[in-house]
Amino acid sequence: MYISRRKFLAGTAGAVAALRTNGQFFARSNMTQTTIGGGALSATVSSKGKFGWCGLNGLNHEDRPISWLLAPALTLEHYLGIPSESPEHIQYEPCESPKYLDDIIENGCTLHYSPLPCSEIACSISYRMKSPHYIDVRVRVQTKRESWPLGYLALFFATIVDAPVYTGVTINGFDDQAELTRENPWVFFNGYGRDLGRTAHPADVNQPELERHESDRDGYYYDDSSIRFDRPLFFGTIDGMVFSLMFPSKDRENVRFTVNPLAEAFGGPAWDFFWVIPDPVPGQTWELPLRVIWKPFQSRDDMLREYQVYDSDRTQE
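0 is the number of the first residue of the sequence shown in numbering that gives the first Met the number 0; add one for each residue after it.
Here is the structure:
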């Protein structure tokens with residue numbers, strides 16, 4: 000059964016707090032929080048976030064210090080791929096996972112998620128600040144689980160922002176069901192398209208929608224729209240600033256963008272993404288790099304240039 004964020008946050012605070020106060024979970028690191036900085040940016044990363052929500056907390060630009068996040072940016076919220084009717088299913092598994100920090104330096108750190116019995120996933124997320132206004136992120140994941148009934152594992156990341164309800168993001172793409180030319184390379188997406196839905200898929204991919212069990216159809220991350228993206232980036236603006244996520248073109252077919260126009264538990268929109276790993280093999284390690292940008296907004300063309308530079312650099316590595 001799908002459980003909303005509101006019900007999860009209301010019903011599990013005590014249980015998650017109990018998990019986090021058990022000292023054995025942090026045997027590999029005594030630090031549960033650190034502030035990282037580089038260029039114009041700073042943020043706090045914690046292994047003890049409220050309700051288990053951990054990520055880039057208080058992401059700040061020194062030239063425009065505004066409060067714009069309702070929860071840590073890039074919070075790992077779900078592992079998808081196990082039907083909710085399965086007895087071992089934990090809907091908010093990463094939030095309930097024991098966590099610890101290591102690799103702590105001035106401009107970065109690594110946040111580790113320990114396995115729980117459902118997905119049996121060990122995950123690490125490394126953050127590196129890069130001047131003038133970038134955060135380069137690398138997600139590594141490994142599972143020991145033998146059976147994935149839906150044929151995939153997906154990691155779902157949430158960023159909930161202090162913006163007007165129904166505020167969406169701009170995507171480099173189009174509406175697959177609208178009779179429009181593709182000369183305009185941009186489409187605004189707030190969870191609605193010609194075909195209503197909250198998840199945008201990569202263009203020119205056959206059957207990009209995820210398989211799901213009948214009991215999981217209420218999950219908004221399974222709510223497919225007709226919006227398609229060409230390049231794997233999106234950006235949203237808040238008070239003259241722009242938040243953008245960018246992924247290498249080689250990973251384009253394995254990412255999806257999801258907008259929840261109203262995350263009711265928080266009172267603002269959620270600009271989310273998930274990373275799909277088809278047919279996961281026990282013991283194998285997968286990696287996903289991405290770039291976060293938080294800077295004063297200039298133009299759509301500027302964001303496209305930012306992406307082209309990032310993707311070119313990734314291709315040469």
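Glycine included, C-beta positions come from ideal geometry on N, C-alpha and C.
Cβ neighbours of residue 96 in the same chain (closer than 6 angstroms, five flanking residues each side left out): If the five residues before and after residue 96 are omitted, its C-beta is found closer than 6 angstroms to the C-beta atoms of 112, 113 and 115, all from its own chain and listed in chain order.
Cβ-Cβ distance between residue 80 and residue 154 below 7 angstroms: Cβ distance not < 7 angstroms, so residue 80 and residue 154 don't count as in contact.
Span separating the alpha-carbon of residue 64 from that of residue 86: C-alpha separation (whole angstroms): 46 angstroms.
Rounded straight-line distance, which links the Cα of residue 295 to that of residue 239: Straight through space, the alpha carbons of residue 295 and residue 239 are spaced by roughly 6 angstroms.
Alpha carbon of residue 51 to alpha carbon of residue 93, nearest angstrom: Here the alpha carbon of residue 51 sits roughly 8 angstroms from the alpha carbon of residue 93.
Any beta strand (DSSP E) of 3 or more consecutive residues that is wholly inside the region 217-252: Counting whole runs of 3 or more residues, the region 217-252 contains the beta strand (DSSP E) stretches 223-237 and 240-245.
Buried/exposed call for residue 105, threshold 16 Cβ in 10 Å: The residue is exposed, with fewer than 16 neighbouring Cβ atoms inside 10 Å.
Residues that residue 30 bridges to, as DSSP identifies them: DSSP, once it has assigned bridges, lists no residue as partnering residue 30.
Beta-carbon contacts of residue 26 that lie in its chain and below 7 angstroms, excluding the five residues immediately before and after: Bear in mind that the predicted position of residue 26 carries a pLDDT of just 38, short of 50, making it unreliable; the figure below should be weighed with that in mind. Counting only Cβ-Cβ distances below 7 angstroms, and skipping sequence neighbours, we find nothing.
Residue 130 vs residue 36 beta-carbon contact at 7 angstroms: Not a contact, by the Cβ cut-off of 7 angstroms.
Same chain, Cβ closer than 7 angstroms to residue 262, five either side skipped, listed in chain order: So the qualifying residues of the chain are 4, 159, 268 and 269.
Beta-carbon proximity of residue 265 to residue 69, cut-off 7 angstroms: Taking 7 angstroms as the Cβ cut-off, residue 265 and residue 69 qualify as a contacting pair.
Residues of its chain near residue 234, where Cβ-Cβ distance is below 7 angstroms and the 5 sequence neighbours each way are ignored: Excluding residues within five positions, the ones whose Cβ falls inside 7 angstroms are 168, 169, 241, 242, 243 and 302.
C-alpha distance - residue 309 paired with residue 186, whole-angstrom precision: Looking at the two C-alpha atoms, the distance is approximately 21 angstroms.
For residue 118, the nearest candidate out of 135, 83, 136 and 127 (CA to CA): Nearest option by C-alpha distance: 83.
Backbone CA spacing between residue 211 and residue 221 [nearest angstrom]: Each residue's Cα considered, the two are about 8 angstroms apart.
For residue 127, the nearest candidate out of 34, 183 and 250 (CA to CA): Comparing Cα positions, the closest option is 34.
4 or more residues per run - each alpha helix (DSSP H) lying fully within the region 283-315: The region 283-315 contains these whole alpha helix (DSSP H) runs: 299-315.
Cut-off 6 angstroms between Cβ atoms - residues of its own chain near residue 74, not counting five sequence neighbours on either side: 52, 54 and 157.
8 angstroms contact criterion, which residue 71 and residue 48 should meet: CB distance rounded: Cβ atoms of residue 71 and residue 48 come within 8 angstroms of each other, at about 6 angstroms.
DSSP state of residue 215 mapped onto helix, strand, coil: Three-state DSSP puts residue 215 in a helix.
Which of helix, strand or coil DSSP assigns to residue 268: In this structure, residue 268 counts as strand in the three-state DSSP scheme.
Exposed unless 16 or more other CB atoms sit within 10 angstroms - verdict on residue 282: Around the beta carbon of residue 282, fewer than 16 other beta carbons lie within 10 angstroms, which makes this residue exposed.
Status (buried if at least 16 other CB within 10 Å, exposed otherwise) for residue 201: Residue 201 is buried by the Cβ-count criterion.
Nonlocal neighbours in the same chain, by C-beta distance under 6 angstroms from residue 164, ignoring five residues either side: The residues are 261.
Cβ-Cβ separation, residue 121 to residue 237 (assumed contact under 8 angstroms), whole Å: Going by Cβ atoms, the distance from residue 237 to residue 121 rounds to 34 angstroms, so no, they are not a contact pair.
Member of 31, 134 and 307 whose CA lies at the smallest distance from the CA of residue 291: Ranked by how close their Cα comes to the Cα of residue 291, the residues 31, 134 and 307 have 134 in first place.
Of the residues 42, 279, 183 and 46, the one placed nearest residue 31, counting alpha carbons only: Considering only 42, 279, 183 and 46, the residue with the shortest C-alpha distance to residue 31 is 46.
Euclidean distance between Cα positions of residue 44 and residue 178: The straight-line gap separating the alpha-carbon atoms of residue 44 and residue 178 is approximately 45 angstroms.
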